[in-house]
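Structure, as structure tokens:
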Amino acid sequence: MAESPAFESPVSTPYVSYGGVPIEPSGPGSPLTLQDHSSTTKFIVRAGSETNAFRQLSTPFATSRTEDGVLIAGQRPDEWFLVGREQAVRALAGRLDRTGHVSLIDGTHGRAMFRLTGAGSALVLEKLCGLDWNDHMTPDGAAVSGSVAKVTCDIVRNDLDGVPSYLISCDRSFGQYLFDVILDAGQEFGIQPL
Amino acid sequence: MTRLPAQPGEVIDRSRPVDFTWNGQAMSGFAGDTVASALVAGGVRVVSRSMKYRRPRGYISNDYWDPNGLVQVGDEPNVRSAHRLIEPGMAVEAQNVWPSLERDLRAVTGLASRFLTAGFYYKTFMRPAWLWPTYEKVLATFSPGGRIDPDTPHRYHDKRYAHPDVVVAGGGPTGMAAALAAAGAGARVLLVEHCHRLGGHLLWGDEHDRALAAELAAAVETAGVEVLVDSTVAGRYEDNWTGIVQRSHPVAVERLVKARAKVLIVAPGLIERPYVFDGNDKPGVMLSGAVRRFVNMYAVRPGSAAVLFTANPDGDAAAIDLERAGAEVTVVDARRGEGIVRALGGSKGVEGVVLADGRRLDCDLLVTAAGWTAPTSLLNMSGDRPVYDEAAARFFPSVSIGNVLATGGLAGDGTLDELIEHAMATGRLAAARARAVSHRLQAATARAVPVNGEEPEWPVDERPDLARDPHPALFRSTTHGVVDFSEDVSSKDMVGAAAEGYDSVELLKRYTTATMGPSQGKLETVNTVAVLAEARGQTIAEVGTTVWRPPYAPVTMGALGGRLFEPVRVSSIHPWHEANGAVFMLAGQWIRPDHYGDPAGEALNTRQNVGIMDVTPLGKLDLRGPDVPQLLSHLYTNKWMKLAVGSVRYGIMCGEDGVILDDGVTGRIGDQHYMMTTTSSGAATVWEWAENWLQTEHPDWRVHVTPVTSGYTSINVAGPKSRTLVRRLVGDVDLDPEAFRYMQVRTATVAGIRDCFMWRIGFTGELSFELHVPAGHGLTVWEALLEAGEDLGIRPFGVECQRIMRLEKGHFIVGQDTDGLTKLPAVGMPHLLKLDKPDFAGKPELTWALDDTSTPVLVAIQPTDPSVVPDEASQIVRPGTDEIIGRITSSRMSPTLERSVCLGQVLPEVSRPGSELTVVMIDGRRITARVMEHHAHIDPEGERVRG
Amino acid sequence: MLIVPCPNCGPRNAADLRYVGESRPRPDPNSASAKEWRAYLYERANPAGMLRETWYCRSGCRRYFVLERDTVSNEFTNPPTPVAKLGKRP
Amino acid sequence: MKQRPPRYSAARLVSRAARKRVWPRVWREAPLRNSYDVVVIGGGVHGLATAYYLAANHGITNVAVLEKSYLGSGGSGRNTAILRSNYLTPEGVIFYDRSLDLYRTMAIDLNMNVMFSRRGHITLAHSDASLRTMHWRAEVNKLQGVDSSVIGPADIKKLAPVLDTSSHPRYPILGALYHPPGGIIRHDAVVWGYARGADTLGVEMHQKTEVVDIKVTGGDGPGGKGPGGRVTGVRTNRGDISAPVVVNCTAGWASLISDMAGVKLPISTRPLQAAVTEPVKVFLPVVVVSGTLHVYVSQTARGELVFGASVDPYNTYNIRGSLEFTEGTAGHLLELMPGISRMRLLRQWAGLCDMTPDYSPVMGFTPVEGFLCDVGWGTYGFKAGPVSGEQMAEAIATQRTPDLIGPFSLSRFERDALVGEKGAAAVGH
Ligand SMILES: Cc1cc2nc3c(=O)[nH]c(=O)nc-3n(C[C@H](O)[C@H](O)[C@H](O)COP(=O)(O)OP(=O)(O)OC[C@H]3O[C@@H](n4cnc5c(N)ncnc54)[C@H](O)[C@@H]3O)c2cc1C
Ligand SMILES: NC(=O)c1ccc[n+]([C@@H]2O[C@H](COP(=O)([O-])OP(=O)(O)OC[C@H]3O[C@@H](n4cnc5c(N)ncnc54)[C@H](O)[C@@H]3O)[C@@H](O)[C@H]2O)c1
Ligand SMILES: Cc1cc2nc3c(=O)[nH]c(=O)nc-3n(C[C@H](O)[C@H](O)[C@H](O)COP(=O)(O)O)c2cc1C
Ligand SMILES: [Zn+2]
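Chains as they are written, first to last, in the working numbering: chain X, 154 to 347; chain E, 1342 to 2288; chain V, 9 to 98; chain R, -1 to 427.
Below, the structure is given as structure tokens:
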């Protein structure tokens, strides 16, 4: 089968600041970065507590864990996100016991996803979202949904080597808006797109 | 010059002179000066004119609340000149003066003041009625504020949320001490100070006070307390949601901090209360605090011959400060029964004073220290009702609210040590209570770190009460002084209003407008109450106060509004639309092409060749599970139990009141997999509506509803050549009209993109294919279509063209051709209502609605004159009358028929085909029109769509 | 802003939820009289005091649930999970 | 027989001031008696107007208005004082237009300057859907003889130069419904004017008098209350009063009063908030409303901007107010008029609104004989005070429902004959 053409991101480049000034992307070493991960494979699993799949996922609501390179996030009481490389996600999904009422939906195209990383990333989120981003309320691994700049987002705290990092996903159609808003909120902390 | 030699506590930087202008004249001061201190240092005594009588006014309280100190700075009105720091080049002007501060011609009203008692306007200007608009314009010229410039941009404002354990309102000694103690007990503390630096009243105190202020401020810094200065805790709302406006911010003009305080400590100190006596608003009459700030913080001497009326140690201290500054001071001590009766002087200000014993003293400064007002505002917002204490002559907090604690001067008196001790105890208590709240919060929050151990005890409040110093109750209603300086209300006005029956504090307030001006009662509340009490022969406690409401201090609209988060949604083809001349329209949060320059041309082309439209905003819900048919049967009014795989059906949803909620098609994609489409604006509502039924009434139904609107880029390919075009890009589906029929759905690979859905449906009335492409490849498919269709005459079309075409075809739009009362039977689709189903949303109402003959129904209408297009919303009337019997809901000039076509709602009595209607055009003309047999003006048999 | 105790997510800002309204039982659609049905549609108890009401956790867990709230003090009682009202202890 | 109080006029103002004579009380404080012909519950504009017209138009003067707090302490003292008649349904339009007629002559009729400023009212449209609704309203209005029309951005800019009519804002202004007879009024003066007028005619106003129960006999419900019963009086915190007619004019508290009589209402109580800025020189000469942005704003003669939004998102009897309101409304106002960014908010407050499902009121007789309702005024009832008082008084005096309020009867819900005004009243004011 022919390879699919490249994935079109909801976020267009070059990046532009609130004031309309182009922003040069920076390297991964920058202290506060925002990266577009929209093309990452994201599966949505729906499974009630009576199903085997529920037990297999063994990731309670509001928590996340990684299995075989796939991030499993308990986004709602009966809903999980599987995020990772396509092969790995498909493999994990393939292992799920689909008996009972279990649904598997490819959310890759429907969800934009960004990664906000850096010591100050919670400060950026604090400007946009009314949830408490302090460590004890939102520790590494926490999976939560809430309104970010008036867009409902699913957010997983997924630290990278001890550096606070958040995977933020939203409905694809809001992708450009949300990316711009986060970049803008991060300006005072020196945020850079990656 | 009244600038004094260097004072030990001065906050100005003499090495940095700052030039600015006052009413166009050059002035200068030093960095750190407020506008007020610089003006007074420059010899300015009169800064404003009073609101009603235009009397000259000078500084009285020399702080944010100073009712006389509001000035215009550039395009900014009502700037608090005793709070705003001067900046180079600042243009400061007196406001509310005409033509100038020195000579205000409206001051004649002052002469008439004996007639113009409060509320006089309610008794005059009634006749002749036609003159009232003129009176109105004249009255408006008395509006007291500065001016805005409509073109001032709303510059960058910012917002953030915060979740501290403890918020402390007030950065005086007690606020700082409380913050320190709370931080010491492990709390995360946000300390907020309204003025430019921490210290509160210590800043204008003696050497010992200033040292303490510096010490506390330094300790606060090292304790890791987050400090916001020049920031105001503007309001305390439900569940300790506090709004803080941060004025000095490095990036933004201002920033609104929305803090969910686990505990709020209120430490705003006290506000000095003016004394009510004849002439008390003459320039040069000042409160002791004002004088101390001028002298000690800004090295400004506000007068050289002072009479000082004092009832408390603060007044005494002011005398010492003034003497040190080289002024002559005569003390009139209220505690010894001495008093002042009347200030003397002319328009330039105070020149003398008459004492209670009849003596007359000359002076150019008359200082009063007559007591305090407790700014209980934040406590009131928390539900507290302050109680008056006769002995201390001020109000105190009454009830204890668990998560709001008061300390400092607001809570009581004592030595600084005692106050600080109370504040520390308050800080510790706050930290302990915050711990309990935090534990509870964390334990209840699913995502939080699990908490260990028992919930901490809710600590009891064991703080010893602060003492209350006795204070003379210095209230006089008979001397006719000014009570409300902002509103120009005197005690005489109040006594008169009370006699007229406006004799409760709330009525008095509304009739005289006392406490309703910019100082909002901070200076005048207690005096207002005292005057009323005296007039009614009641006690102050019996009269009570008016209600304090947010904000604590006036804050800008810019800070509150900040930047509005207004999300926008776009499809993945949006960049192409932008690059190709689309004219956009807003549809809810979506931005989508209305047309590409020629909607009529787009329509004709689509009827003749082929057009493509980006219909991504169309709501799409993925439905899975064995009980989807049940859900569909419940949501829609028609039948769904036997939809075959690969088939699509149209349905209408109604609310429980029978009113049409939404419509759309749903297709069965797999055995237990369906795709539902909704209107663009109805997508979220329908989703929540479906969830509601699933979660509350039918938890036994196994259905997963997932919104996938943006997961697919939706493209409508319409027109007689659409099959030819689609065939060029789709290889894996038999597109033969017999194999893939109207109202069917297939999974397809389009232009190499797998997992697309393809429906044979269309809103335009043409043969059409609706492609739903995984959104990450939407643009690819769009461009592939354009390329492949070039020789077929392909053109993109927008919403306007779609509206024309759907109207030609007679399809109604929910919310446009229906309204908030339109029930299903009114749209003339009886086959969609299946009352033999056991249950569905709105069933009873729809059953009853079938018998209704009084509500309008939807019909197609054509004006007799084909060139006339009645505007949408034109009314249909009974001929020869103005009685409304219907309205045009949609209308367009049809490019295909070259005539006007409409849909409309009319009463059943005139809904029969051929009925003649009278339509009232917007310009008043009446035209005739005819009810058509079919909703569709074009192709009523539907041959084109089936083609 | 009011904090609403979501039984799944925990305490959340009211803006994260949608207020559905008084919780009312739905009459049997096949036997209800017009009077009963319209009472269900339109009548409201509207008490000044305890009210059983439905909320939808729109930005969070997307669940509908019923809470009891005092419409004078706005305090919730008997939430499905023991979430005591923040800081409102005596 | 009581003496008529001196009339208000400029000449008397001067002469009395010169002679240092105090004006008599606006209304007297009479002792509370134990029986009246009519008891009106609620001392807002509706209750007071009802009492006034009972006396003025029908000679029924043995009337008491009972008010638990001070006169005008409810919605009547808290509203943004916008008057207009550009509603959507013909029933609504003619009803509100009659009220405006009464407001037009009120200053002279009541001998109290209520300062009706007929400055014009514009309702902005930011989408083609709302523009269509504006056209709809304009057309219905014209047919009822009410001056309304749709105007474009250029004319809007002329009426209110401060509005940003460019295409830049997130919600550009596409057009507006212009209603020249609309305006604002000094709401407290209306309350005082009716109270003074009623007092002159012998009606008694009793403040701090709270109705705690309603006496009903012969009804189907518990305690003889409810449908089929008849009212015999009320119980108050100051004693019992017998009366054959009791009128519920308590707006936000309407359900509580009606429960006392055993009558169920289709009403939910929600707070509506408003706020006022500090004054600045007059720059906004018309009333501006935007349904899309949920705001309405006017500038008073004193120079303050008074503004409001739509009702709060959940039911409550608590009027503490919220930051969401000031934050959201300020944000939306700045969208419309960026130039007010440096104006300061002075105060915010809230009032209770009695919301009905169709945004139309509930007026007239109820299933309990002698118990009448004039409620369901939601966010729009101040402008209706005069006509409601006039029509309710007529209903009481004639024992039959006047045509003007027929469509608003309580029974319309049982009949499902709603009067859909949501399109014109939800945020419209
Ligand atoms: C913020 C706000 C803005 C508004 N803006 C507008 C506007 O611009 N235009 C407009 O037309 N309308 C507006 N309204 C609506 C309008 O204010 C009300 O609909 C109207 O004032 C209702 O008047 P009323 O006399 O029926 O009720 P109210 O004025 O509320 O009077 C009811 C009275 O009943 C009393 N009461 C209650 N219970 C008892 C009891 N048990 N015993 C004795 N007395 C009792 C209350 O204390 C109260 O004084 C607004 C409302 C609010 C809150
Ligand atoms: N306030 C005075 O003029 C004054 C003068 C002399 C002595 N005192 C005495 O000071 C003692 C108390 O000290 P204290 O610490 O309670 O008061 P304080 O007056 O020293 O400090 C209070 C501080 O709180 C700030 N503030 C008030 N409301 C605020 C808000 N909403 N947001 C942010 N900041 C706010 C004020 O700007 C002030 O700096 C009492 O004994 C009092 O009598 C006060
Ligand atoms: C039209 C209107 C204008 C108002 N203007 C002012 C004002 O200029 N200053 C002020 O302090 N309050 C003003 N208020 C608000 C009142 O002070 C008060 O908050 C309101 O009547 C509610 O009463 P409450 O706050 O005592 O509960 C105004 C209210 C209304 C209805
Ligand atoms: Zn939740």
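C-beta atoms are modelled at their ideal positions from N, C-alpha and C, and glycine is treated no differently.
Predicted model, so just to flag it, every value in this text is computed and none were measured.
In the structure shown, what three-state DSSP assignment does residue i receive?
i, result
"G260(R)", "coil"
"K93(V)", "Low confidence applies to K93(V): its pLDDT is 32, below 50, so where it sits in the model is not reliable, and the reading given next is rough at best. It is coil, neither helix nor strand."
"I255(R)", "helix"
"M290(X)", "coil"
"N60(R)", "coil"
"C323(X)", "strand"
"P1408(E)", "coil"
"V1641(E)", "strand"
Name the chain X residues that come within less than 7 Å of residue i, Cβ to Cβ?
i, result
"C69(V)", "R229 and P230"
With a 10 Å radius around its C-beta and 16 neighbouring C-beta atoms as the bar for buried, classify residue i as buried or exposed.
i, result
"P2204(E)", "buried"
"M290(X)", "buried"
"R1357(E)", "exposed"
"L2176(E)", "exposed"
"E61(V)", "buried"
"T1886(E)", "buried"
"P2171(E)", "exposed"
"P88(V)", "In this prediction, P88(V) has a pLDDT of 48, which is less than 50 and means its spatial position is unreliable; what the coordinates show is noted afterwards. When all chains shown are included, P88(V) counts as exposed."
"L2238(E)", "exposed"
Note down, in chain order, every chain E residue with its Cβ under 7 Å from the Cβ of residue i.
i, result
"R34(V)", "E2038"
"S330(X)", "According to the sequence shown, residue 330(X) is Tyr rather than Ser. Chain E residues near Y330(X): P1908 and V1909."
Mind pulling the chain X residues with CB within less than 8 Å of residue i?
i, result
"D24(V)", "G283, G299 and S300"
Using a Cβ cut-off of 7 Å, pull out every chain V residue sitting near residue i, in sequence order please.
i, result
"I265(R)", "R52 and N54"
"F327(X)", "The premise fails here: F327(X) is roughly 13 Å from chain V at the closest Cβ pair, so nothing lies under 7 Å."
For residue i, return the contacting residues in chain R, with the cut-off set at a CB-CB distance below 8 Å.
i, result
"L59(V)", "N313"
Find the residues of chain V that neighbour residue i, judging by a C-beta separation of less than 8 Å, and give them in chain order.
i, result
"N316(R)", "T79, V80, S81 and N82"
Along chain E, which residues have their Cβ under 9 Å away from the Cβ of residue i?
i, result
"R119(R)", "Residue identity check: residue 119(R) is His in the sequence provided, not Arg. The contacting residues do not exist; H119(R) stays about 16 Å from chain E at best."
At what residue ranges does the segment 2223 to 2272 of chain E contain a whole run of the beta strand (DSSP E), taking only runs of 3 or more? 2225 to 2235, 2240 to 2247, 2257 to 2261 and 2267 to 2272
Please go through the segment 1473 to 1537 of chain E and give each complete beta strand (DSSP E) segment of 3 or more residues, from N-terminal end onward. 1499 to 1503, 1507 to 1510 and 1530 to 1533
For the segment 143 to 169 of chain R, which segments carrying the alpha helix (DSSP H) assignment without a break, of at least 4 residues, lie completely within its bounds, in sequence order? 151 to 157
Could you tell me which uninterrupted beta strand (DSSP E) segments, each at least 3 residues in length, are contained entirely in the segment 2012 to 2086 of chain E, listed from first to last along the chain? 2014 to 2019, 2045 to 2048 and 2053 to 2059
Could you tell me whether the segment 53 to 73 of chain V touches the segment 223 to 234 of chain X, where touching means 3 or more Cβ pairs closer than 8 Å? yes
Does the structure place the segment 406 to 414 of chain R close enough to the segment 351 to 360 of chain R that three or more beta carbon pairs sit under 8 Å? yes
Contact between the segment 21 to 33 of chain R and the segment 1841 to 1849 of chain E is defined here as three or more beta-carbon pairs at a separation below 8 Å; is this criterion met? yes
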